[in-house]
Amino acid sequence: MNTRQPISFSCFVIFLIAASISASIDGGNETDYQALLKFKSMIRNEEALSSWNASFHFCEWSGVSCGKLHRRVIALQLSSKGLEGSLSPHVGNLSFLRYFSLFHNSFQGTIPHEIARLSRLHYLSLGYNNFSGVIPANLSASSNLVALDLSDNELVGSIPKEISFLSKLKYLSVDDNNLTGGIPRVLGNITSMDVFVVAENPLGGSIPDTLGHWNSLTQLYLGACNLSGTIPHSIFNLSLLTNFSLSENQLTGSLPSALGTTLPHLTYLQLWGNQLTGTLPPSISNCSKLDFLEVHLNNFSGKLEIDFAEMKDMYFISFGGNNIYGSGGADDMKFIDTLKNCSRLDTLDLFSCTFQGPLPASIGNLSDRLSYLSLGENRIHGNLPPGIGNLIGLTNLGLENNQFTGKIPSTIGKLQNLQMASLHYNQFSGPIPDAIGNLSLLTKLWLNSNKLERHIPSSLGNCRNLLELHLDDNQLSGGIPRQLLQLTSLTITLNLSQNNLVGSLPTEIGNLKMLTCLDLSNNNLSGNIPSSIGGCTSLVFLSLKEYANLSFNDFQGNVPVIGVFANASAFSVLGNNRLCGGLAEIRLPKCNTKKHNKKLPLFAILILTASTLFTILCFAYVWCKKRKSQPSQSSRDERFMKVSYGQLLKATNGFSQANLIGEGGFGSVYKGVLDDTVVAVKVLRLQNRGAHRSFTAECQAWRSIRHRNLVKIITSCSSLDFHGNDFKVLVYEFMPNGSLHDWLHSSPSTSRLNLFQRINILMDIASTIDYLHNHCLSPIIHCDLKPSNILLDDDMVAHVGDFGLARFLGTNPNKKGTSGIRGTIGYAPPEYGVGSEMTSSGDVYSFGILLLEVMTGKRPTDDIFNEGLSLHKFAHMALPDHVIDVIDDDLLNFLQEDTIPTQRTTANAKKIEECLSSTVKLGVSCSMESPQQRMHIANVVHELQKILDTLQNIHGSMFSHLPK
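In structure tokens form, the structure reads like this:
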């Protein structure tokens, strides 16, 4: 996704103020009156211009400003009025017009060329509409234009060369269109240019060196324009540049060594996603105002020698995916020493940069606001400095795939905001520090593939949010602590394989009811498999394979290289002096080939047989448990209660209207009581096309998934009713607080959702999507995420339901019987509408729209969203400084009421606004039109957690009385 900073229009609004001077003495205000009426006549929703009537002089109409002397229209300010229709060519008759803005409406059709007759026009803004066609070349006739904004429309064709005749033009924005034909060289003739924005157009071509004539330029955005070639050196002489973005192109070549000297005012430098080479110029150190530096995914090489000491405002640094390296000496990462003055630093991404030296102790001097630190996929060696514990703001720590040695410092226990820690594939040794139990917010921990030893600390039982734990491939000994098996939060993976664990499997294993993957293989566990493991009803993978220890016996003959003997770490044959052959790693002598004995020795046959039998028994046990845990259409399995049509009829009082709690495309949902348990009964309308497939899809999905934020299925029934008709039902746990849709749109204003509840609900949903996409053995696409499919329990915890359109990733979504089922209008991504394959990014889009609905209170199908305006655009245009304008009134009222008892400070108010802005930005990022530009759902979960952490860190009394 092409990210850029907001562009200020304030310097251009001055022209509206200046335009209030008296108009020309020419007559003709009747002409203006008729032109305005013609304008109104082409607006479909005329009620939006209700003040435009004969009861008022046209100079008093909403959005109209006139000169003082002869009352001619000099300004037409109609931004964000919800106007729908076409732009009348009669606006060209408003000959005294100087300021004209239709920004953020729903105009469609072409831009009339009559606008060019507005010779006095200074400011023209038609951005964020749905204009199509080409940019009128004759706009050049409006020779007084200072600002021209045509951004975020559906314009095609090329940028007219005639624009170059606008000698007073300072601001030109045509981003987010479908323009081609490159950037015209002649635009370099507009020496007054201050801001130039053409990002996110498939322009093609190269960057003209004539742009270097723009000596007044401060902002240049050319990201995602399919540009190739090198960056002209003339660009680097634009000494007033502050914002410089060329991301997501195919640019080559290197950066000039004097970049930081010639561009000393840079605050924003974005070059990621190109093919740039050479070293990163040390002269960037001179850019003391730089706060955003994003150059990842290029081919930069050489030692990083940028000195950040004077860049005190720096908050984002990303170098990942380059070939930055050194000699492997102690000063390879010396630049980290210079980051200590960057007190705002939030993100430091050094992933996959081939750093070779040790990690400087100065890493502990970085800002305590640093939340994201990625050093993975390098060659960093030596100890992890204990100062890492000073980075108390960290939420994500990535150290994987390096060569760290020594102990994991106990100071890591100070990182109490840490949520994800990746320390795998290193050479850490010694014990796992007990202090790791202090990380109560930790959700995912990777310590696998190290040399860790001694016991698994029981303090891990304090990590009550842990979803995933990997301790495999170490040298851990002792038993499995019971406290670890009491972590009911473990829902994804618990991997303790390839260690030296002993003793029996504690009966507490049955507490892990929601765990998906359990691997205890290749240890020295003994005793019986506890029957309580049957409580692990969500398991889809279980491995209990044991380590084959045949040491110090008197076996003889050839050691095979198949089965358990195909992995040298899975067995030991030490002390058997008459053995030969086998894998090279076990260093036995070669066998005497003259005997030609092809039979396996007796000991190998016994071991292979026992190993195979044990494996078969384990998987047979799991298979049997899984069969008991799967929904069955015959209702004969032991796990689910047996229900008949008659029982369900009685439970719902004859499927009465009084018990009806919801309706969907494939069925109706009734409240019922079965065995004194309140349930929700979904009755399929089998006469509806797709209903049978919906039932099958739900059964298949529920058979494969278990998560705490999924609606719990109780049973299913496939039978006949009393008239002999097919009858199919799914019975779910009843959710007493109804659906998210009800709370957003149907509940009385006294039952509105507060900010904590909304963010927590979004986190519940995002975590579930992350589970479905990334942590199921067969990834699942939900395909119908929307507020009515999100149900809330007694504690307002969200549960995702309705898998009637679900797809297993990798299956053919267009095979016979599945085409045409593509989600719900407004929530389904645009690519589904043109027949594209259903993908996980489609769910991300739906989640983004759902998030924006939660925060704005507006459905994506609201009447205001048409003719080019959408919920996505509505939110996008408000970022980052006007988010309050689009937030749900109920939420704003709630926050305002909250200020009375808590005496919220200005600082806290600003933090809350930042949280609102960050949340809306997430929704916009997820609902991008292009699937490739949408966020990954795992990153969404990470960002939502950061927002929750910020809210929780705000003054303690502020939200103490609110339910969470």
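FYI, in mature numbering (1 follows the signal peptide of the UniProt record, and there is no 0) the residues of the sequence shown are -23 to -1, 1 to 941.
Quick reminder that beta carbons are idealized off the backbone N, C-alpha and C, glycines included.
Fair warning: this is a prediction, and the values are worked out from it, not measured in the lab.
- Here asparagine 203 really is in contact with leucine 180; their C-beta atoms are around 6 Å apart, less than 8 Å.
- Excluding sequence positions up to five before and after threonine 388, its CB lies within less than 7 Å of the CB of Pro363, Ile365, Gly366, all in the same chain and listed in chain order.
- With respect to the 8 Å criterion, isoleucine 136 and leucine 116 are not classified as neighbours on the basis of their beta carbons.
- Secondary structure at phenylalanine 213: helix, using DSSP grouped into helix, strand and coil.
- Leucine 769 and valine 706 have their C-alpha atoms some 21 Å from each other.
- Going by beta carbons, glycine 334 and serine 351 fall outside the 8 Å limit.
- By the C-beta density criterion, aspartate 862 is exposed, having fewer than 16 other C-beta atoms within 10 angstroms.
- Scanning its chain for C-beta atoms nearer than 6 Å, with the 5 sequence neighbours on each side dropped, one finds around glutamate 354 the residues Phe328, Ser329, Asn378, in chain order.
- One alpha carbon belongs to histidine 242, the other to valine 172, and they sit about 15 Å apart.
- In the assembly as shown, glutamate 920 is a buried residue. Its beta-carbon has 16 or more other beta-carbons within 10 Å.
- By the beta-carbon neighbour count (other beta carbons within 10 angstroms, threshold 16), asparagine 554 is exposed.
- Contact between the region 85 to 101 and the region 827 to 842 is absent, with fewer than three C-beta pairs closer than 8 Å.
- In this structure, valine 860 places its C-beta atom within 8 Å of the C-beta atom of leucine 893.
- By the criterion of a C-beta distance shorter than 6 Å, asparagine 766 is surrounded in its chain by Gly778, Asp779, once the five residues flanking it on both sides are discounted.
- Looking at the DSSP output, tyrosine 100 sits in a beta bridge with Tyr76, Ala124.
- When only Cα atoms are considered, proline 507 and isoleucine 486 end up about 8 Å apart.
- Exclusion of the five residues before and after proline 161 leaves Ile136, Lys138 as the residues of its chain whose Cβ lies within less than 6 Å of its Cβ.
- Cβ atoms of leucine 928 and leucine 732 come within 8 Å of each other, at about 7 Å.
- Bridge pairing for cysteine 557: Asn535 [DSSP].
- Every beta strand (DSSP E) stretch that sits fully inside the region 361 to 392 and reaches 3 residues is listed by chain position as 373 to 375.
- Fully enclosed alpha helix (DSSP H) runs of no fewer than 4 residues are not present anywhere in the region 390 to 435.
- The region 191 to 201 makes contact with the region 214 to 224: 3 or more CB pairs, one atom from each, lie closer than 8 Å.
- Here glutamate 814 carries a coil assignment [DSSP, helix/strand/coil].
- Nearest neighbour of asparagine 544 by Cα position, chosen from Phe532, Cys440, Glu562, turns out to be Glu562.
- The beta carbon of asparagine 403 lies closer than 8 Å to those of Leu376, Glu377, Asn378, Asn379, Gln380, Phe381, Thr382, Ser426, Asn427 in the same chain, with the five residues before and after it left out.
- Nearest to cysteine 694 by alpha-carbon distance, out of Leu661, Ile469, Ile457, Lys311, is Leu661.
- Residue range 644 to 651 is occupied by the beta strand (DSSP E) that includes lysine 648.
- For valine 917, the enclosing alpha helix (DSSP H) begins and ends at 914 to 930.
- When only Cα atoms are considered, leucine 60 and arginine 21 end up about 8 Å apart.
- The DSSP-derived three-state label of threonine 629 is coil.
- In the DSSP assignment, lysine 850 falls within the unbroken alpha helix (DSSP H) covering 848 to 853.
- Scanning its chain for C-beta atoms nearer than 6 Å, with the 5 sequence neighbours on each side dropped, one finds around glutamate 282 the residues Pro259, in chain order.
- Nearest in C-alpha terms to serine 902, of all of His849, Asn737, Ile691, is His849.
- The residues Gly559, Leu560, in chain order, have a CB closer than 7 Å to that of valine 538 in the same chain once the five nearest residues on each side in sequence are set aside.
- Glutamine 909 sits in a helix when the DSSP states are folded into three classes.
- In this structure, leucine 416 keeps its C-beta atom at 8 Å or more from the C-beta atom of glycine 438.
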